[in-house]
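Reading through the structure tokens given below for one structure.
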Amino acid sequence: MSLNLEDARLFMAVVDAGSITAAAEALDMPQPTISRRIKNLEQHLGLRLFERAGRSIKLSNFGHQFLNHCQRIHNAVTDAESFAENSKNKPSGSLEIEAPYLAIEMMLEHLVPQFARQYPDIQLTFTTITAEHHKMPMRGDLRLSAIELADEQLICRPCYSYDFCFFAAPQFIAQYGMPNHPTDLVNYPCIGFPPQYRDLVDWHYQESGQEHSIAIKPSLTVDHVSLMTLPAVAGLGVIMSTMPILSRQLKSGALVPLFDGKYGFNRTLHICYRSRTMQPLREKVFIDALLMHIAEETFTK
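530 is the number of the first residue of the sequence shown in the numbering used here; add one for each residue after it.
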């Protein structure tokens, strides 16, 4: 047995008004319509709600008890509707963001402190993903990905464009000399990814509008790009990275760009999410905050 909530509300309106006639006037509904719906409700319940005596009506014993239940249901529905409305206006709840380690590091430093103060009811969870994870299904609510995920159910929105270039420490250049072209790097000590990261083993550069690859032979391999900075600063090899990642080392002079920054190749970071029309407000405000920080160039400073 399923109860029509509108019929329950109509029943309460008749009780509040004191008669079907008064309820019809208050609700601007035809009196026969209300009478028919109350009769249908009684037939559905199998019990009388009102004791009728001419034009006057009064609640039956069952009607009194049923009224109490209807009021509780009405209050619960009202609370649920208020909760939904407040949720639209005041973002809250948990939000999991999947992103590369360095993107999370930048967000924690530049975005999260202000965001957490502005939206204290949103609980943020950050989960790191490696190069291998970029092709795996998204498990969190949002993902920052270096590739556009091949999932028709996801919206992948370009949010940040960056260039990969080549960098080394001044003492490395003093020891090995300055290479003249990216292809020279096959004869230089380099710091790269181990063989299992097939898509990242070869390095790339752009020249005359074309992207080319270099099969380097790294003297040192690590499985995370953030770990490459330390040995590069120590003068152990050339790295392929981005200026935002190395901003501190470049400002201090611990690393310098090779080839005057030429031959860099461009990549785009995408922010991926599941829905545009029914997107939770907590997702929307986080995306808006992230895009604003990127536009203001505070994300990488």
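Even for Gly, the Cβ is constructed at its ideal location relative to N, Cα and C.
Check your understanding: Taking the beta strand (DSSP E) that Ser585 falls in, what are its first and last residues?
Key -> 585-588
Review point. If we call anything under 9 Å between Cβ atoms a contact, is Ile626 one with Arg803?
Key: no
Point to revise | C-alpha distance - Thr550 paired with Ile586, whole-angstrom precision | key: So the two alpha carbons sit approximately 11 Å from each other.
Check your understanding: By DSSP, does Tyr705 sit in helix, in strand, or in coil?
Key -> Helix, per DSSP.
Check your understanding: Ordered along the chain, which non-local residues of its own chain (more than five positions away) have a Cβ less than 7 Å from that of Thr712?
Key -> Ile743
Review point. In this structure, what does DSSP give as the bridge partners for Thr771?
Key: Phe693
Check your understanding: Using the beta-carbon count (16 or more within 10 Å), is Ala555 buried or exposed?
Key -> exposed
Exercise for review: Consult DSSP for Gly782 and reduce its assignment to one of helix, strand or coil.
Suggested key: coil
Exercise for review: Can you give me the Cβ contacts of Asp723 inside the same chain, cut-off strictly under 7 Å, excluding the 5 residues immediately before and after it?
Suggested key: Sequence inspection shows Pro at residue 723; the Asp mentioned does not correspond to that position. Correct list, in chain order: Thr750, Asp752.
Point to revise | Leu671 to Cys694 span [Cα, whole Å] | key: Counting only the Cα atoms, Cys694 lies some 28 Å from Leu671.
**Study point:** Secondary structure of Gln735, DSSP reduced to three states
**Key:** strand
Check your understanding: Is Leu798 helix, strand or coil when you go by DSSP?
Key -> Under the three-state reduction of DSSP output, Leu798 falls in the strand class.
Check your understanding: Taking the continuous alpha helix (DSSP H) assigned at Thr712, which residues delimit it?
Key -> Taken as a continuous stretch (DSSP letters only), Thr712 belongs to no alpha helix (DSSP H), as it is neither H nor E.
Exercise for review: Give me the Cα-Cα distance between Ser623 and Arg601, rounded to the nearest whole angstrom.
Suggested key: 29 Å
Practice item. Label Leu578 either buried or exposed according to how many other C-beta atoms from any shown protein chain fall within 10 Å of its C-beta, with 16 as the threshold for buried. Key: buried
Exercise for review: Could you check what DSSP says for Gly766 in three-state terms: helix, strand or coil?
Suggested key: Coil, per DSSP.
Review point. Just the Cα atoms here: how many angstroms apart are Ala552 and Asp608?
Key: In a straight line, the C-alpha of Ala552 is about 24 Å away from that of Asp608.
Review point. Alpha helix (DSSP H) containing Ser564: first to last residue?
Key: 560-574
Review point. Near Phe591, what residues of its chain come up, given a Cβ to Cβ distance below 6 Å and the 5 sequence neighbours on each side ignored?
Key: Leu576
Review point. Where does Arg538 fall in DSSP's three states?
Key: helix
Review point. Are at least three pairs of beta-carbons, each pair with one atom in the stretch 645-658 and one in the stretch 810-827, less than 8 Å apart?
Key: yes
Point to revise | Counted within 10 angstroms of its Cβ, other Cβ atoms place Gly706 as buried (16 or more) or exposed | key: exposed
Review point. Taking the C-alpha atoms as reference points, what is the distance between Leu570 and His639?
Key: 60 Å
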